[in-house]
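Asks: Take a look at this one; I'll ask things after.
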Amino acid sequence: MSTTTPVNAIEREQEIVHNLTKIQHTVDHLKGSNTARLVAVSKYMPAEDIEYATKTGQTHFGENYVQELTEKSQKLPKSIDWHFIGHLQSNKCKAVAGIPNLFIVETIDSAKKADTLNKACIAVERKDKLKVYVQVNTSGEEAKSGVEPADALDVCKHIKENCPALELYGLMTIGMKDRDATNNPDFEKIVELRQDIKSKLNLDVFEASFGMSGDYEEALKDGSNNVRVGTAIFGARRIKQ
Numbered sequence: 001m002s003t004t005t006p007v008n009a010i011e012r013e014q015e016i017v018h019n020l021t022k023i024q025h026t027v028d029h030l031k032g033s034n035t036a037r038l039v040a041v042s043k044y045m046p047a048e049d050i051e052y053a054t055k056t057g058q059t060h061f062g063e064n065y066v067q068e069l070t071e072k073s074q075k076l077p078k079s080i081d082w083h084f085i086g087h088l089q090s091n092k093c094k095a096v097a098g099i100p101n102l103f104i105v106e107t108i109d110s111a112k113k114a115d116t117l118n119k120a121c122i123a124v125e126r127k128d129k130l131k132v133y134v135q136v137n138t139s140g141e142e143a144k145s146g147v148e149p150a151d152a153l154d155v156c157k158h159i160k161e162n163c164p165a166l167e168l169y170g171l172m173t174i175g176m177k178d179r180d181a182t183n184n185p186d187f188e189k190i191v192e193l194r195q196d197i198k199s200k201l202n203l204d205v206f207e208a209s210f211g212m213s214g215d216y217e218e219a220l221k222d223g224s225n226n227v228r229v230g231t232a233i234f235g236a237r238r239i240k241q
């Protein structure tokens, strides 16, 4: 039996490595002295694609669904830093908390959800505090998850004071789709909130996560600490089966 790697697999690896390397260089160039990381969004992508991406030194990967994240985390190297970036249901908190190399949950949208995740971390005897971002609905869209900007401070304060198993790490916003990235009001609002809350809660580290495939360059210029890029790395997402 031949052990030669199929040509299409070789081409796929080359495509991902090429795309990701280019984006990594762009991120490094645009972030300047700012602390910023690139998260490769691997939603619906097979484990093989993620393995190809790790060959560039990429360690941060984002997943939207708990079951998919759980399966991939068990199959792929423990050196990967997973980001949960989808809507987190309360009944899935224990499964998420049980993933040892989960770097952060980016989508805490209420004090109640924070409490549930905190209890889950304690229940599974998680070794280290789990980092969390509070998701903020900066665009005011009804269909979008996230706390209102005016409520962000209260939720952050609640986490800091009442959730000992969680580490309050920053804010996240998705922003309105197809909005002009230049002078983007969603970007401006999340940066303003980051500075205000960091000061009021006396936090050493407090990040702002914003920017995706279509606007991550402008987001980095505006001070994002965490950009999430999927399509520009892996191509169009596969349809969930």
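Residues 1 to 241 (UniProt numbering) make up the sequence shown, in order.
By construction, the Cβ of each residue, glycine as well, lies at the ideal position given by its N, Cα and C atoms.
Is the beta carbon of HIS158 sitting closer than 8 Å to the one on ALA114?
Replies: Yes. Within cutoff.
Asks: So is ASP28 buried or exposed if we call it buried at 16+ other beta carbons inside 10 Å?
Replies: Result: exposed.
Asks: Keeping to the same chain, check which residues put their C-beta closer than 8 Å to that of LYS189; ignore five residues upstream and five downstream.
Replies: Cβ neighbours of LYS189 beyond the five flanking positions: VAL136, THR138, PRO149, THR173.
Asks: Quick one: using the 10 Å Cβ neighbour count with 16 as the cut-off for buried, is LYS112 buried or exposed?
Replies: It is exposed - the Cβ of LYS112 has fewer than 16 other Cβ atoms within 10 Å.
Asks: How would you call ALA123, buried or exposed, if buried means at least 16 neighbouring beta carbons within 10 angstroms?
Replies: Burial call: exposed.
Asks: Are LEU171 and VAL134 touching if we call contact CB-CB under 8 Å?
Replies: Their beta carbons are under 8 Å apart, which means LEU171 touches VAL134 by this criterion.
Asks: So is VAL229 buried or exposed if we call it buried at 16+ other beta carbons inside 10 Å?
Replies: Buried: at least 16 other Cβ atoms inside 10 Å.
Asks: According to DSSP, simplified to helix, strand and coil, what is GLU63?
Replies: Three-state result, GLU63: strand.
Asks: Leaving aside the five residues before and after ALA9 along the sequence, list all residues of the same chain whose C-beta is less than 6 Å from its C-beta, in chain order.
Replies: No residues qualify anywhere along the chain.
Asks: Count the other CB atoms, across all protein chains shown, that sit within 10 Å of the CB of THR107; report buried if there are 16 or more and exposed otherwise.
Replies: Buried, by the Cβ-count rule.
Asks: Measure the C-alpha to C-alpha separation of LEU38 and VAL227 and round it to an integer number of angstroms.
Replies: Each residue's Cα considered, the two are about 5 Å apart.
Asks: May I ask you to report which of helix, strand or coil DSSP gives SER209?
Replies: The answer is strand: DSSP assigns SER209 an E or B state.
Asks: With which residues is ALA40 paired in a DSSP beta bridge?
Replies: Paired residue(s): PHE61, VAL229.
Asks: Is it buried or exposed, GLY175, if we count other Cβ atoms within 10 angstroms and call 16 or more buried?
Replies: Answer is buried; the Cβ neighbour count reaches 16.
Asks: Bridge partners for VAL105 per DSSP, in chain order?
Replies: PHE84, VAL132.
Asks: Suppose you measure from the CA of GLU161 to the CA of ASN91; what does that come to, to the nearest Å?
Replies: Between GLU161 and ASN91, the C-alpha separation is close to 23 Å.
Asks: Could you give the first and the last residue of the continuous alpha helix (DSSP H) run that contains GLU218?
Replies: Start and end: 216 to 221.
Asks: Does the Cβ of LYS131 have 16 or more other Cβ atoms within 10 Å, making it buried, or fewer, making it exposed?
Replies: Looking at its Cβ environment, which holds 16 or more other Cβ atoms inside 10 Å, LYS131 is buried.
Asks: Is ALA236 buried or exposed, if buried means 16 or more other CB atoms sit within 10 Å of its CB?
Replies: That one is exposed.
Asks: Does the Cβ-Cβ distance between ILE80 and ASN101 come in under 8 Å?
Replies: Yes; because the gap between Cβ atoms is below 8 Å, this pair is in contact.
Asks: For the beta strand (DSSP E) holding LEU201, just list the boundary residues, first then last.
Replies: It is not in any beta strand (DSSP E) - LEU201 carries neither H nor E in the DSSP assignment.
Asks: CA-CA distance, SER110 and LYS78?
Replies: Computed Cα separation, rounded: 30 Å.
Asks: On a CA-only basis, which of ASP151, LEU168, GLY140 is nearest LYS129? Give me that one, please.
Replies: Closest by alpha carbon: LEU168.
Asks: Grouping DSSP H, G and I as helix and E and B as strand, with all else coil, what is VAL147?
Replies: Looking at VAL147 - three-state DSSP - the assignment turns out to be strand.
Asks: With a Cβ-Cβ cutoff of 8 Å, do PHE210 and ASP186 count as a contact?
Replies: Contact: yes.
Asks: Taking the Cβ atom as the reference point for each residue, do LEU117 and ALA143 lie within a distance shorter than 8 Å?
Replies: No.
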